[in-house]
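Protein chains in written order, with numbering that gives the first Met the number 0: chain A, 0 to 172; chain B, 0 to 172; chain C, 0 to 172; chain D, 0 to 172.
Number of protein chains: 4
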Amino acid sequence: MTDKQKNILKAALILFAEKGYAATSTSKVAKEAGVSEGLIFRHFQNKEGLLNAIMQLAKAAANREFAGIIENENPKAIIRGIIEMPFKIKQDQFLLWKLIYALKWQTETYDSSISEPVKQALIKAFSKLGYSNPNAEAETVLILIDGIAMAVLLRKPANMDEIVSSMLAKYKL
Amino acid sequence: MTDKQKNILKAALILFAEKGYAATSTSKVAKEAGVSEGLIFRHFQNKEGLLNAIMQLAKAAANREFAGIIENENPKAIIRGIIEMPFKIKQDQFLLWKLIYALKWQTETYDSSISEPVKQALIKAFSKLGYSNPNAEAETVLILIDGIAMAVLLRKPANMDEIVSSMLAKYKL
Amino acid sequence: MTDKQKNILKAALILFAEKGYAATSTSKVAKEAGVSEGLIFRHFQNKEGLLNAIMQLAKAAANREFAGIIENENPKAIIRGIIEMPFKIKQDQFLLWKLIYALKWQTETYDSSISEPVKQALIKAFSKLGYSNPNAEAETVLILIDGIAMAVLLRKPANMDEIVSSMLAKYKL
Amino acid sequence: MTDKQKNILKAALILFAEKGYAATSTSKVAKEAGVSEGLIFRHFQNKEGLLNAIMQLAKAAANREFAGIIENENPKAIIRGIIEMPFKIKQDQFLLWKLIYALKWQTETYDSSISEPVKQALIKAFSKLGYSNPNAEAETVLILIDGIAMAVLLRKPANMDEIVSSMLAKYKL
DNA sequence: GATGAATGAGATTTCATTCAT
DNA sequence: CATGAATGAAATCTCATTCAT
Chain A
0 MTDKQKNILK AALILFAEKG YAATSTSKVA KEAGVSEGLI FRHFQNKEGL
50 LNAIMQLAKA AANREFAGII ENENPKAIIR GIIEMPFKIK QDQFLLWKLI
100 YALKWQTETY DSSISEPVKQ ALIKAFSKLG YSNPNAEAET VLILIDGIAM
150 AVLLRKPANM DEIVSSMLAK YKL
Chain B
0 MTDKQKNILK AALILFAEKG YAATSTSKVA KEAGVSEGLI FRHFQNKEGL
50 LNAIMQLAKA AANREFAGII ENENPKAIIR GIIEMPFKIK QDQFLLWKLI
100 YALKWQTETY DSSISEPVKQ ALIKAFSKLG YSNPNAEAET VLILIDGIAM
150 AVLLRKPANM DEIVSSMLAK YKL
Chain C
0 MTDKQKNILK AALILFAEKG YAATSTSKVA KEAGVSEGLI FRHFQNKEGL
50 LNAIMQLAKA AANREFAGII ENENPKAIIR GIIEMPFKIK QDQFLLWKLI
100 YALKWQTETY DSSISEPVKQ ALIKAFSKLG YSNPNAEAET VLILIDGIAM
150 AVLLRKPANM DEIVSSMLAK YKL
Chain D
0 MTDKQKNILK AALILFAEKG YAATSTSKVA KEAGVSEGLI FRHFQNKEGL
50 LNAIMQLAKA AANREFAGII ENENPKAIIR GIIEMPFKIK QDQFLLWKLI
100 YALKWQTETY DSSISEPVKQ ALIKAFSKLG YSNPNAEAET VLILIDGIAM
150 AVLLRKPANM DEIVSSMLAK YKL
């Protein structure tokens, strides 16, 4: 992966995440990346190929993040870790997450592949804790973290600490 | 407002909500509306004007929905009503909500004008109930309903009843 | 001729003279005239008909102006009158003249019909004064008044009195 | 500057000068230039950018022409040179001049930047010759050459030689 | 690997004109 | 007489993609 390839990916990530995929032209990506427009097509075939390359990186980063949390032994720690996850998105992964979420609204069919391992981990954890309906509880947490992600990625509220406390309290974590 | 104007608004809502604003061409809107393309511009100036006209309608519909819930006397009923709201989106308002949410990810600055009255109602309700930090609690509910909205509008999970029970239980409603 | 017809003619004159015929849309004319767009076509058939109607008025006004000068007995007075003419354009005829001149540059073929009687009057006057080449002298004056018209209609120089004196002096008038 | 760029400029010059800027579509320019329409916008941003590029060339050509005349030592030669200038417009500059003049009538504000050095040269020349009002005399010549330019560019009169003699005689040149 | 010229299809917008009311 | 909705063609402009160098 050459420097210019990295520049293209970075520029495309910024623009796709900030303005949307359809609203971003390859020429703007090229300009932002300081690269000729032709180079994008040489490296990524077409615009969709460029998006796919970025989504590969995004999914890999997401999975690495999940892995650290899921492999925990303690079910409460897993649930707590999952709820806290969006609050702890690091600056260099912010746009990757923003793109993942933005695309959910821009593509015909919802892609649940990213969150699937998280869901399974939650079901297992709630089962271990003896919840009567672990499936529904897992779904509830997934809904919660989508809401949190929206807040963190879009609204950036000031009093995050209080919010996270309030959330964890509801789950007695 | 003539029939053709209504057709344009309806077609644009469907396409903008389903495919995204940038990914929808005015020619597709015109075709879907059974109207000449020029008519769109005669009535709404430009593509953005068309979007604005739809968003006006969306906000008005949202406010009507909120009004019914917020004017309640009982604080618990208000909180419960707000949490249940996204679960009860009617078919004819589904696309308006989908568009409202989709646009949050496609515009430069987050528009919180729609949810502001809801937030104020929640703060008041939690105050009345004696919560120590009503602001954070209100924010928590807003986050929750954003998550629910995402689920309802995008994922359409099967076991909604169980989920809503689980949610309401956390707030002892 | 109804009031609205007059409004249309006036608005069209202003816009055609100031922005150019091709650069002026019938919708702008209608807006400026405070009239529906359809009315323009009811009264003047099409955009060109509107232009023709204005040019009729312009030519008639020009001919009235010429008539007062040309019918003079004294050849020197005629030449003097013609040279002074553009300096004396009245405010209410300013745009008519501006349009006449502007159109010379916007139509395929030059329309000399307006200036023809002036040319004949000049040839006669120079003949009477015994000039050896009255045709060339007449042409020279026509050239001069085109230059003056350009100055008056476009540049509006400050020291007009001095300029007109200098001009008349060259012809010993 | 590639061949196709030159073709575009040439085609645009011909059409803008002959039919007018507003009356010329970019598609006609592209066809005349034997080029795809998109290329016009890639090289010149928009239609106005194309016009500006041509006007740059026109002004440069005009200044080169002026320079040869103005740098003369003899004041009479300068005045004579300026008056004769429009009569001597070469074929390859004919359209540039036609466009310069045509645009004067189509733009909101008169652009005197082209003729300013000529005016200064004239004022100097008339001063040297002891004229009592060199400013007014310079203005008079400017008016004259605008009239001549109109004649040469639009009417193309037959007896040019006689006309130029008559003009120069008035200035005893 | 990289550029930048070039294209053709399509997107947005404007415009003259028609027509029902 | 007058309006304003509506149209279809054309004008301006954008965009993803190709290709010669």
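The beta-carbon is built from N, C-alpha and C at its ideal position, and this holds for glycine as well.
Proximity of residue i and residue j at Cβ, strictly below 8 Å
{"i": "residue 150 of chain D", "j": "residue 16 of chain D", "result": "no"}
{"i": "residue 11 of chain C", "j": "residue 53 of chain C", "result": "yes"}
{"i": "residue 71 of chain D", "j": "residue 158 of chain C", "result": "no"}
{"i": "residue 143 of chain C", "j": "residue 146 of chain D", "result": "yes"}
{"i": "residue 124 of chain C", "j": "residue 78 of chain C", "result": "yes"}
{"i": "residue 162 of chain A", "j": "residue 138 of chain B", "result": "yes"}
{"i": "residue 172 of chain B", "j": "residue 75 of chain B", "result": "yes"}
{"i": "residue 61 of chain B", "j": "residue 113 of chain B", "result": "yes"}
{"i": "residue 109 of chain A", "j": "residue 118 of chain A", "result": "no"}
{"i": "residue 165 of chain A", "j": "residue 136 of chain B", "result": "yes"}
{"i": "residue 5 of chain D", "j": "residue 34 of chain D", "result": "no"}
{"i": "residue 46 of chain A", "j": "residue 169 of chain B", "result": "no"}
Pick from the options that is closest to residue i, judged by C-alpha positions
{"i": "residue 29 of chain B", "options": "B:57, B:7, B:45", "result": "B:7"}
{"i": "residue 106 of chain A", "options": "B:5, B:2, B:9, B:21", "result": "B:21"}
{"i": "residue 154 of chain D", "options": "C:160, C:147, C:166, C:141", "result": "C:141"}
{"i": "residue 64 of chain C", "options": "C:156, C:104, C:96", "result": "C:96"}
{"i": "residue 98 of chain A", "options": "A:148, A:168, A:0", "result": "A:148"}
{"i": "residue 66 of chain C", "options": "C:13, C:51, C:121", "result": "C:121"}
{"i": "residue 94 of chain D", "options": "D:160, D:57, D:124", "result": "D:57"}
{"i": "residue 49 of chain C", "options": "C:24, C:61, C:132", "result": "C:24"}
{"i": "residue 73 of chain B", "options": "B:127, B:83, B:116", "result": "B:127"}
{"i": "residue 116 of chain A", "options": "A:0, A:167, A:59", "result": "A:59"}
{"i": "residue 92 of chain B", "options": "B:0, B:9, B:170", "result": "B:9"}
{"i": "residue 111 of chain A", "options": "B:156, B:131, B:27, B:169", "result": "B:156"}
{"i": "residue 160 of chain A", "options": "A:132, A:83, A:152", "result": "A:83"}
Any chain D beta carbon closer than 8 Å to residue i
{"i": "residue 145 of chain C", "result": "yes"}
{"i": "residue 165 of chain C", "result": "yes"}
{"i": "residue 101 of chain C", "result": "yes"}
{"i": "residue 48 of chain C", "result": "no"}
{"i": "residue 120 of chain C", "result": "no"}
Chain C contact for residue i (CB, 8 Å cutoff)
{"i": "residue 154 of chain D", "result": "yes"}
{"i": "residue 139 of chain D", "result": "yes"}
{"i": "residue 83 of chain D", "result": "no"}
{"i": "residue 22 of chain D", "result": "yes"}
{"i": "residue 136 of chain D", "result": "yes"}
Proximity test, Cβ basis, 8 Å: residue i and chain A
{"i": "residue 51 of chain B", "result": "no"}
{"i": "residue 105 of chain B", "result": "yes"}
{"i": "residue 149 of chain B", "result": "yes"}
{"i": "residue 169 of chain B", "result": "yes"}
{"i": "residue 115 of chain B", "result": "no"}
{"i": "residue 10 of chain B", "result": "no"}
{"i": "residue 73 of chain B", "result": "no"}
{"i": "residue 45 of chain B", "result": "no"}
{"i": "residue 31 of chain B", "result": "no"}
{"i": "residue 80 of chain B", "result": "no"}
{"i": "residue 13 of chain B", "result": "no"}
Chain B contact for residue i (CB, 8 Å cutoff)
{"i": "residue 54 of chain A", "result": "no"}
{"i": "residue 1 of chain A", "result": "no"}
{"i": "residue 158 of chain A", "result": "yes"}
Contact test: residue i Cβ vs the ligand SAM heavy atom, cutoff 7 Å
{"i": "residue 71 of chain A", "result": "Annotation note on the ligand SAM: not contained in the displayed structure, which lists no ligands."}
Inset, instruction - Would you check if there are 3 or more beta carbon pairs closer than 8 Å linking the region 36-46 of chain B to the region 87-104 of chain B? - result: no
Inset, instruction - Identify every run of the alpha helix (DSSP H) within the region 65-126 of chain B, keeping only runs that are complete inside it and at least 4 residues long; order them along the chain. - result: 74-83, 90-103
Inset, instruction - Please specify which runs of the alpha helix (DSSP H), each continuous and at least 4 residues long, are wholly inside the region 122-161 of chain D, giving them in chain order. - result: 133-149
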